[in-house]
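Number of protein chains: 2
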Amino acid sequence: MPATESLARADTPRAGDVPRAPDSRNVMRRKEHIRSAAEADILAAAETVFARAGFSGATMAEIAEAAGLPKANLHYYFRTKAALYRAVLDHTLSLWLAETDGIRIDADPALALGNYIRAKMRLTATHRDASRVFANEMLHGAPHIGKYLRTELKALVDEKSRVIDHWARKGLMDAIDARHLFFTIWAATQTYADFQPQVCAVLGKTRLSRAELERATEQLVRMVLRGSGIRG
Amino acid sequence: MPATESLARADTPRAGDVPRAPDSRNVMRRKEHIRSAAEADILAAAETVFARAGFSGATMAEIAEAAGLPKANLHYYFRTKAALYRAVLDHTLSLWLAETDGIRIDADPALALGNYIRAKMRLTATHRDASRVFANEMLHGAPHIGKYLRTELKALVDEKSRVIDHWARKGLMDAIDARHLFFTIWAATQTYADFQPQVCAVLGKTRLSRAELERATEQLVRMVLRGSGIRG
DNA sequence: TACAATCCTGACCAACCGGTCAACTTGCAT
DNA sequence: ATGCAAGTTGACCGGTTGGTCAGGATTGTA
């Protein structure tokens, strides 16, 4: 996500656009470290706060406190609240594209799709806040990442859909609309992160145990595979 | 939802708690009409705005403009922004419980579940904003409707789960966890309302056509029925 | 040590927002 | 017509929030 840095960074005087002597590289490396470490701390705190309160509900003061920094320091690294939000989103999106590698023409459909679902479910469990930030952005019309959806994500889904169509033509599974299949998989997995209060309430628990998630995962895998006519 | 009125209404002086003569009923009816008409207008505008911007992102001024009323008038009918939000949520929740009537022991599983999915999908299409308001509330931890989830919704799902367990024991379908089945159905249907930007972007369209939704619905029905071992 | 670049921060401000209120109009029974 | 309750509204207010800025502290080099 090359846009991240240019978006996230504040305009420190002449930083990055001034030619530097070769021997000054070490300096910049150390400065870079301070920078990236601070940015990482801020991003982590921001992700938590944005996930809980959304963009409008989150306050820079709250994020600053969560990061253990004075508020003005946030504005040193991220010019505006919107820029910080974009940076959090960029980090989230980088998680999103992953895990589809196994969906290839020469792969076994049951294994490939099953492992994809398992990976997605694991992702929503380990990166709950990222999932919520993403969901929030969707809910509000995806004003910041619309272009990403129409280009990168669409291209990826188009490619993987061709794989599934190929599987269907080879008789390995039913001829189904791969795109809607992805929508269902995404929705069914993300719901355990985004709608956790509902899930917990209906199950009569206060939190989602690993075992419960495991059960949900395997049932979903079974349902998708059988529902797609994949012999398991 | 009896709590709605007491929550939503402003404390007009002595309204509702003063004994009235029987012949004054017509008066109150007309006053009630003004009241309910105004409340309905405000609620409709609020649902749209809350759906787009969330609770924190929405402003009373914006809602007022959408309703074509001065801001102070909103506060006449709904004391606070939170009370207005609660009223919108209550309206949303009343939609939520419906449509499960068909899931009965003596029903045919394929028909009952299939029609339930179709009804849910229709609901997300016709009440997109309501779905988004609900999703937003979930995302932020369901602070306002936690009790509803743990009581009414849980009771309903418990009851319907027993029906599905019964179907499984009679050999009409596989023995699956009914609760997770509901989570999957809810997620897969709501995603077409809540994540519409993603769906449209991946499909390469600007809006979801009725035909596209129809296709998604039938594929989901087929997947759920076959995935649950229900003979179709 | 001297310097420059980067990093850090307390104090401050303008804009916005939810909510109030006093004054006004409308509707309706007598 | 009269009077009162209900409905309506412009103007206003205090608190919050994103963002700024001047100046000090740190870091690393020459």
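Quick note, the sequences are listed as chains A and B, same order. Quick note, the first sequence lines up with residues 1138 to 1369 if you use this note's numbering. Quick note, the second sequence lines up with residues 1138 to 1369 if you use this note's numbering. Don't be surprised by glycine CBs; every beta carbon is placed ideally from N, CA and C.
Reduced DSSP category for residue i - H, G, I as helix; E, B as strand; rest coil
{"i": "A/I1301", "result": "helix"}
{"i": "A/D1160", "result": "In this prediction, A/D1160 has a pLDDT of 33, which is less than 50 and means its spatial position is unreliable; nothing more can be read from the coordinates."}
{"i": "B/E1236", "result": "coil"}
{"i": "A/L1357", "result": "helix"}
{"i": "B/L1350", "result": "helix"}
{"i": "A/L1309", "result": "coil"}
{"i": "B/K1218", "result": "helix"}
{"i": "A/A1177", "result": "helix"}
{"i": "B/K1342", "result": "coil"}
{"i": "B/F1332", "result": "coil"}
{"i": "B/I1254", "result": "helix"}
{"i": "A/V1155", "result": "Its pLDDT being 31, under 50, A/V1155 is placed unreliably by the model, and the measurement read from it follows with that caveat. Reduced to three states, the DSSP call for A/V1155 is coil."}
{"i": "A/L1206", "result": "coil"}
{"i": "B/S1137", "result": "Here chain B covers residues 1138 to 1369 and nothing more, so residue 1137 of chain B does not appear."}
{"i": "A/R1223", "result": "helix"}
{"i": "A/T1288", "result": "helix"}
{"i": "A/T1229", "result": "helix"}
{"i": "B/I1282", "result": "coil"}
{"i": "B/T1196", "result": "coil"}
{"i": "B/H1264", "result": "coil"}
{"i": "B/I1322", "result": "helix"}
{"i": "A/D1295", "result": "helix"}
{"i": "B/R1189", "result": "helix"}
{"i": "B/R1259", "result": "helix"}
{"i": "B/R1172", "result": "helix"}
{"i": "B/H1277", "result": "coil"}
{"i": "B/R1241", "result": "coil"}
Closer than 9 angstroms to chain B by CB, residue i
{"i": "A/H1277", "result": "yes"}
{"i": "A/K1218", "result": "no"}
{"i": "A/I1200", "result": "no"}
{"i": "A/R1223", "result": "no"}
{"i": "A/A1353", "result": "yes"}
{"i": "A/R1287", "result": "yes"}
{"i": "A/H1228", "result": "no"}
{"i": "A/G1283", "result": "yes"}
{"i": "A/R1162", "result": "Note that A/R1162 scores a pLDDT of 40, beneath 50, so its modelled location is shaky and nothing firm can be said."}
Test: residue i CB closer than 9 angstroms to a CB of chain A
{"i": "B/A1267", "result": "no"}
{"i": "B/P1334", "result": "yes"}
{"i": "B/K1291", "result": "yes"}
{"i": "B/R1255", "result": "no"}
{"i": "B/M1138", "result": "Because the pLDDT of B/M1138 is 32, which lies under 50, any placement of that residue in the model is unreliable, and the number read from its coordinates should be weighed accordingly. B/M1138 does not count as touching chain A."}
{"i": "B/G1341", "result": "yes"}
{"i": "B/Y1329", "result": "yes"}
{"i": "B/V1186", "result": "no"}
{"i": "B/A1338", "result": "yes"}
{"i": "B/H1264", "result": "no"}
{"i": "B/H1170", "result": "no"}
{"i": "B/P1159", "result": "Residue confidence for B/P1159 is low, a pLDDT of 33 falling below 50, so the modelled location carries little weight; the figure read from the coordinates is stated next. No, B/P1159 lies away from the interface with chain A (no Cβ there is under 9 angstroms from its Cβ)."}
Within chain A, partners of residue i - CB distance below 8 angstroms
{"i": "B/D1302", "result": "Within 8 angstroms Cβ-Cβ: nothing; B/D1302 doesn't reach chain A, min ~14 angstroms."}
{"i": "B/G1251", "result": "Those do not exist, as B/G1251 stays about 13 angstroms from chain A at its closest Cβ, beyond 8 angstroms."}
Under 9 angstroms by beta carbon: chain B residues contacting residue i
{"i": "A/F1192", "result": "G1191, S1193 and G1194"}
{"i": "A/S1365", "result": "M1360, R1363 and G1364"}
{"i": "A/D1314", "result": "R1352, A1353 and Q1356"}
Contact list for residue i against chain B, beta-carbon separation under 7 angstroms
{"i": "A/N1273", "result": "L1276"}
Residues that residue i contacts on chain A, provided the C-beta gap is smaller than 9 angstroms
{"i": "B/L1211", "result": "Result: empty, since nearest Cβ-Cβ is about 19 angstroms, beyond 9 angstroms."}
Residue i Cβ short of 8 angstroms to the ligand MG heavy atom set
{"i": "A/M1275", "result": "By its list of ligands, the structure shown contains no ligand whatsoever, and the ligand MG lies outside what it can speak to."}
Contacts that residue i makes with chain B (C-beta to C-beta distance below 8 angstroms)
{"i": "A/A1110", "result": "There is simply no residue 1110 of chain A to check, as chain A begins at 1138 and stops at 1369 in what is shown."}
Evaluate contact between the stretch 1198 to 1214 of chain B and the stretch 1325 to 1336 of chain B, counting only Cβ atoms and requiring at least three cross-stretch pairs below 8 angstroms.
Output reads no: the stretch 1325 to 1336 of chain B does not touch the stretch 1198 to 1214 of chain B.
Would you check if there are 3 or more beta carbon pairs closer than 8 angstroms linking the stretch 1301 to 1316 of chain B to the stretch 1283 to 1298 of chain A?
At 8 angstroms Cβ cutoff, the stretches do not touch.
With three or more beta-carbon pairs closer than 8 angstroms as the criterion, would you say the stretch 1186 to 1193 of chain A touches the stretch 1248 to 1259 of chain A?
In short, these stretches do not touch, since the Cβ pair count stays below three.
Looking at C-beta atoms only, is the number of pairs between the stretch 1254 to 1263 of chain A and the stretch 1175 to 1189 of chain A that lie closer than 8 angstroms three or more?
The stretch 1254 to 1263 of chain A is not in contact with the stretch 1175 to 1189 of chain A.
Spell out a yes or no on whether the stretch 1338 to 1355 of chain B and the stretch 1346 to 1364 of chain A are touching, meaning 3 or more CB-CB pairs, one atom from each, closer than 8 angstroms.
Contact between the stretch 1338 to 1355 of chain B and the stretch 1346 to 1364 of chain A is absent: fewer than three C-beta pairs spanning the two stretches fall below 8 angstroms.
Cβ contact (3+ pairs, closer than 8 angstroms) linking the stretch 1262 to 1269 of chain B and the stretch 1313 to 1332 of chain A
In short, these stretches do not touch, since the Cβ pair count stays below three.
For the stretch 1275 to 1285 of chain A against the stretch 1219 to 1230 of chain A, do three or more pairs of beta-carbon atoms, one drawn from each stretch, fall closer than 8 angstroms, so that the two count as touching?
Short answer: they touch.
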